[in-house]
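Q: Below is one structure. I have some questions about it.
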Amino acid sequence: GRLIDKYGLGVVVPNEADRQTVHNIIIEELCVGKITSSLREQVKTIIQKLIDQGAQGIILGCTELPSLIKQKDCSVPLFDTTAIHAQAAVDYAFRD
Numbered sequence: 001g002r003l004i005d006k007y008g009l010g011v012v013v014p015n016e017a018d019r020q021t022v023h024n025i026i027i028e029e030l031c032v033g034k035i036t037s038s039l040r041e042q043v044k045t046i047i048q049k050l051i052d053q054g055a056q057g058i059i060l061g062c063t064e065l066p067s068l069i070k071q072k073d074c075s076v077p078l079f080d081t082t083a084i085h086a087q088a089a090v091d092y093a094f095r096d
């Protein structure tokens, strides 16, 4: 694929059931302000499965996920796409 050819990066994706679990947590819980240790543990379990499959970093590709999962909850780097985009916008705005 493109990522491995250009950057040497492979992608590990949660299985269908885990994707549905994360989707439900986001839509039914996080979007209405529910943040519980049970939800955190569910997501941590899914993240651990990805790590067990070889993931060396986790992309938090939803604005709601960083409210639930923090770097201290994960043994590999987390990438908060909202923060990454915000930093890129600031860098762009202040470029020479």
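Residues in the sequence shown are numbered consecutively from 1, following UniProt numbering.
Where a beta carbon is used, it is the ideal one built from N, C-alpha and C, also for glycine.
Owing to the predicted nature of the structure, the values given are computational and were not obtained by experimental measurement.
Answer yes or no: do Gln-48 and Thr-21 have a C-beta to C-beta separation smaller than 8 Å?
A: Cβ distance not < 8 Å, so Gln-48 and Thr-21 don't count as in contact.
Q: What are the residues that DSSP puts in a beta bridge with Leu-60?
A: Answer by DSSP bridge pairing, in chain order: Asp-80.
Q: Taking only the alpha-carbon atoms, compute the straight-line gap between Ile-27 and Gly-8 and give it to the nearest angstrom.
A: If I take the Cα positions, the gap works out to 33 Å.
Q: Count the CB pairs spanning the stretch 55–62 and the stretch 31–41 that are closer than 8 Å, and state whether there are at least three.
A: Contact fails: fewer than three Cβ-Cβ distances are below 8 Å.
Q: Less than 8 Å separating the beta-carbons of Ile-69 and Leu-78?
A: Their beta carbons are under 8 Å apart, which means Ile-69 touches Leu-78 by this criterion.
Q: Please classify Leu-3 as buried or exposed, where buried requires at least 16 neighbouring CB atoms within 10 angstroms.
A: Looking at its Cβ environment, which holds fewer than 16 other Cβ atoms inside 10 Å, Leu-3 is exposed.
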